[in-house]
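One structure is given here, and the rest of the page talks about it.
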Amino acid sequence: MKQAFYIKRTIAGTIFDILNALFMTVFVFLMVYPFINLLALSFNDGVDAVKGGIYFWPRKFSLASYQYMLKNPKLIRGTFVSIMRVIVGTATGLLGSALLGYIVSCRHFYGRRFMRVLFIITMYFGGGLIPTYLLMLRLGLSNTFHVYWIPGIFSAYYMLLISSYIQNLPESLFESARIDGASELRTFIQIALPLSVPVLACIAVYIGVGQWNSWFDVSLYSKDGKWDNLQIILNRLLNQAAALENIMEQQRLYEEMRRITPQTVRAATTMIVTLPIIFIYPFFQKYFISGITLGAVKG
Amino acid sequence: MQTELWLLSVPIIIWVLIFCYYPMYGITMSFVNYVPGKPIWQCEFVGLKWFIDFLTNPSFGLLLRNTLAMSLLNIIFGFPAPIIFALLLNEIGNRHAKKFIQTVSYLPHFISWVVAASIVYLLLSNEGIINVILVQWGITHKPIPFLSKGEYYWIIYTIINIWKSVGWSSIIYLSAIAGIDEQLYQAGAIDGLGRLGMAWYITIPSIAPTIVVLWILGIGGILNAGFEQHLLLGNPMTQKYWDVIDTYSYRYGVQQGFYSMGTAVGLFKSVIGFFLVILTNKISKKLFDLSII
């Protein structure tokens, strides 16, 4: 957009534009630079990196940190758990909330109000950390993969987003399916789901990113480490002593691991955890935004 | 059709009873001396013992200080940051540049706090880039121990919080700005307003309701001064500066197994927080005729 024709051009305005452009350049730099620095560090020789002074580009190029990760069975397992979390968590969370959203938007359903209220209450009141934690232990969900997706199948917030979307669709579409003798489940799968793809895509992104990024539930429930994901492994690497111990163990095994340090390994792990987000980010950007405006409409 | 919908609803109802309502019942353990494995109603009733213990505990003052300090820093610096950013971004003429800056600004919102903490560690550690620059430029002789001295913690937390949220929080202001009627600006031009005048007399008043609503939400949530952030960014050396009510409840309730105590602390915070939201909402209704609940 050029500036609107009716706005006067003044010297002060031009100076402001230049300063503003400068400010925005610095702003963008601050947002992006940490990632660039991490990338440079992760490709640098570990022993050399300790000397500092790596800003934009690796000084002594080395793939050792990434090799370390490829040879570390824990990290490979962690990647697998992270990916499974995203797939299973997103699929079940999406289907569950979509079904719930469909049910509470069926105008002819007597239990519609009851279901709606039952879930809206959970948006304002909850048991909090410790009762929930004890519940998971009692259900035997700790140290299992299920603790990552079962508590997230239904969500009141996504229910509201989906049902407000479905209610704005023409009712006649659902009517005709029912007149043709389709069951409710079939109407849901064949009419409601395909029609709500825009809102579902946005919710899928939210759930997926949330699943990929979560670490606190892992730290609570993955006590034996079998279902550790990447985030929690990175979290442990931040602990200097634990990181050193891990690395020294690998150094005993492999000659080429001599030159890695916690710093570069941390950088490499952080990069591995961040890259998927950065890569999918441009594609899903529009869905994030549509989600926030949907939420704003709902209040 | 009714039966079928009820049949579909039954598993959902069972799920919500187990995963949402049962933990609410579990809150009652803050009034008993809970022993794991025993039903709550069979445990010894202790009344408000845990709450009184918590309030008279010397660390309560510390927790409150940290909570209020970090919340206030966040309200003073973190609250206006997205408004200023939105106003400045709105003045960028080039549409592509605007879009690009906006896209970049959301990015930190989508990375996890673990990654954010990792970035803080790498930038601020002794061999981190900030210390290297400080020493090279002769500003300090020795690296500054940012991560192990608690005095720096509040500032670091505030900065990383703003870094992560400024772009995302600005969306709501930008969409409010986008909703302003173009005719207002045209009328302003006829009345001889310059760009600054338009921002001051048209843009800011137009987004004022949004600002007020978010301000109220912010004040109402003053007890929410972060939780997982502190578990990630903090360490035992800086604990005196990051320990807040939530982390205290987590440490006692989950890590050390004082379930009743931990639940009571969490309940205390939720109840006070709930009344704060109600109170701020009442005030805003009186002053601005704006209500959020």
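Chains as they are written, first to last, in the working numbering: chain F, 1 to 299; chain A, 1001 to 1293. Every residue, glycine too, gets a C-beta built ideally from N, C-alpha and C.
- Contact between the region 17-29 of chain F and the region 1081-1092 of chain A is established, with three or more Cβ pairs separated by less than 8 Å.
- For residue 1244/A, there is no enclosing alpha helix (DSSP H), as DSSP marks it with neither H nor E.
- Within the same chain, and ignoring the five residues on either side of residue 50/F in sequence, the residues whose Cβ sits closer than 8 Å to its Cβ are 261 and 263.
- Counting other Cβ atoms within 10 Å of its Cβ, residue 1230/A reaches 16 or more and is therefore classed as buried.
- Counting only Cβ-Cβ distances below 8 Å, residue 1024/A has contacts in chain F at 125, 126, 127 and 131, in chain order.
- Counting C-beta pairs closer than 8 Å gives fewer than three between the region 183-197 of chain F and the region 57-74 of chain F, which falls short of the contact rule.
- Fully contained in the region 117-150 of chain F are the following alpha helix (DSSP H) runs of length 4 or more, in chain order: 129-138.
- Residues of the region 1207-1221 of chain A with a C-beta atom less than 8 Å from some C-beta of chain F do not occur.
- Taken in chain order, the members of the region 1028-1044 of chain A whose beta-carbon sits within less than 8 Å of a beta-carbon on chain F are 1029 and 1036.
- At a Cβ-Cβ threshold of 8 Å, residue 197/F and residue 237/F do not count as neighbours.
- Within the model, the alpha-carbon separation for residue 136/F versus residue 1129/A is close to 42 Å.
- As computed with DSSP, residue 1033/A is found in a beta bridge with 1044/A.
- Contact of residue 31/F with chain A is assigned, a C-beta pair being separated by under 8 Å.
- Residue 1273/A sits away from residue 1262/A, with the two beta carbons spaced by 8 Å or more.
- Taking C-beta atoms as the reference points, residue 227/F and residue 81/F count as a pair closer than 8 Å.
- Residues of the region 1069-1100 of chain A with a C-beta atom less than 9 Å from some C-beta of chain F are 1085, 1088, 1089, 1091, 1092, 1093, 1094, 1095, 1097, 1098 and 1100, listed in chain order.
- Listed in chain order, the non-local C-beta contacts of residue 83/F below 8 Å within the same chain number zero, local neighbours out to five positions each way being set aside.
- At a cut-off of 8 Å between C-beta atoms, residue 1195/A counts as an interface residue with respect to chain F.
- Under the DSSP definition of a beta bridge, residue 61/F partners with 44/F.
- A Cβ of chain A is located within less than 8 Å of the beta carbon of residue 266/F.
- Cα atoms of residue 280/F and residue 1037/A: separation of roughly 45 Å, rounded to the nearest angstrom.
- Looking from the CA of residue 1245/A, the closest CA among 1234/A, 1257/A and 1223/A belongs to 1223/A.
- When the alpha-carbon of residue 1028/A is set against those of 147/F, 106/F, 127/F and 60/F, the nearest one is in 127/F.
- Within its own chain, the residues whose Cβ lies closer than 6 Å to the Cβ of residue 1152/A, once the five positions on either side in sequence are excluded, are 1146, listed in chain order.
- Measuring C-alpha to C-alpha distances from residue 46/F to each of 32/F, 144/F, 61/F and 36/F identifies 61/F as the nearest.
- Approximately 13 Å separates the beta-carbon atoms of residue 200/F and residue 169/F; this is outside 8 Å, ruling out the contact.
- Boundaries of the alpha helix (DSSP H) harbouring residue 1054/A: 1049-1056, taken from the DSSP string.
- For residue 215/F, the closest alpha carbon among the candidates 148/F, 206/F and 54/F is that of 148/F.
- Counting along the chain, residue 84/F sits inside the alpha helix (DSSP H) bounded by residues 73-103.
- Neighbourhood of residue 8/F in chain A, by CB distance below 7 Å: 1194, in chain order.
- Runs of the alpha helix (DSSP H) spanning 4 or more residues and lying entirely within the region 1158-1202 of chain A occur at 1182-1190 and 1195-1198, in chain order.
- Residue 1126/A and residue 1236/A have their C-alpha atoms some 18 Å from each other.
- Against chain F, a Cβ distance below 9 Å from residue 1001/A picks out 106, 108, 109, 178, 183 and 184.
- Put simply, the backbone Cα of residue 1211/A is about 12 Å away from that of residue 1219/A.
- Under the 8 Å criterion on CB atoms, residue 1110/A is classed as interfacial with respect to chain F.
- A Cβ-Cβ distance of about 6 Å is found for the pair residue 231/F and residue 273/F, placing them in contact under the 8 Å criterion.
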